[in-house]
Amino acid sequence: MNWILFAALFFVTWWLVLFVVLPFSLRTQDDDQDVTLGTVSSAPRGPHMLRAFVRATIVTVIVMGILYSLTMGLGFSFDDIMRVMPDFTPDASH
75 MNWILFAALF
85 FVTWWLVLFV
95 VLPFSLRTQD
105 DDQDVTLGTV
115 SSAPRGPHML
125 RAFVRATIVT
135 VIVMGILYSL
145 TMGLGFSFDD
155 IMRVMPDFTP
165 DASH
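What follows is the structure, given as C-alpha cells:
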C-alpha cells in the first residue's frame, strides 16, 4: 500500500468516524436547563469539537493500524474477500 492510498483511506475513514463519535458526551442546553434566547434547546452547550476531533483521530489510527497489519503483515488484500465469502452462486444440479 503506497502512502497516497494510505493517506486517502485515512482521510475517508477519519471523516466517517468523526460523524460516529460526534454525539458522544454532547451536552445540550436543555440538559443544563440554560437555553440561550434565540436558540433551540437541543443546541450544544459549549465547545466540544476538539474532543470529537481527538476521538476520531484516535479511533482512526487504531482502525488504520489494523488495516495496515492485515494488508502488510499478513498479506491480505481486496482480492482475498472472494475467498473468505461463501459461494452464493446457484447450483445447476437443483
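Numbering (our numbering), first residue to last: 75 to 168.
Ideal Cβ placement from N, Cα and C applies to all residues, glycine included.
Count the other CB atoms, across all protein chains shown, that sit within 10 Å of the CB of residue i; report buried if there are 16 or more and exposed otherwise.
{"i": "residue 82", "result": "exposed"}
{"i": "residue 126", "result": "buried"}
{"i": "residue 117", "result": "exposed"}
{"i": "residue 86", "result": "exposed"}
{"i": "residue 114", "result": "exposed"}
{"i": "residue 163", "result": "exposed"}
{"i": "residue 110", "result": "exposed"}
Among the options, which residue has its Cα nearest to the Cα of residue i?
{"i": "residue 132", "options": "78, 164, 88 and 79", "result": "88"}
{"i": "residue 95", "options": "130, 146, 141 and 159", "result": "130"}
{"i": "residue 136", "options": "78, 91 and 148", "result": "91"}
Rounded to whole angstroms, what is the Cα-Cα separation between residue i and residue j?
{"i": "residue 157", "j": "residue 150", "result": "11 Å"}
{"i": "residue 143", "j": "residue 165", "result": "37 Å"}
{"i": "residue 140", "j": "residue 77", "result": "16 Å"}
{"i": "residue 104", "j": "residue 112", "result": "14 Å"}
{"i": "residue 138", "j": "residue 153", "result": "19 Å"}
Any heavy atom of the ligand HEM closer than 6 Å to the Cβ of residue i?
{"i": "residue 95", "result": "With respect to small molecules bound, the structure shown includes none, and the ligand HEM cannot be examined in it."}
(Q) My parser needs the alpha helix (DSSP H) runs of 4 or more residues fully inside the region 97 to 168; what are they? (A) Runs found: 123 to 142 and 155 to 158.
Q) Is the region 120 to 137 touching the region 91 to 104, taking contact as three or more C-beta pairs under 8 Å? A) Contact holds: three or more Cβ-Cβ distances are below 8 Å.
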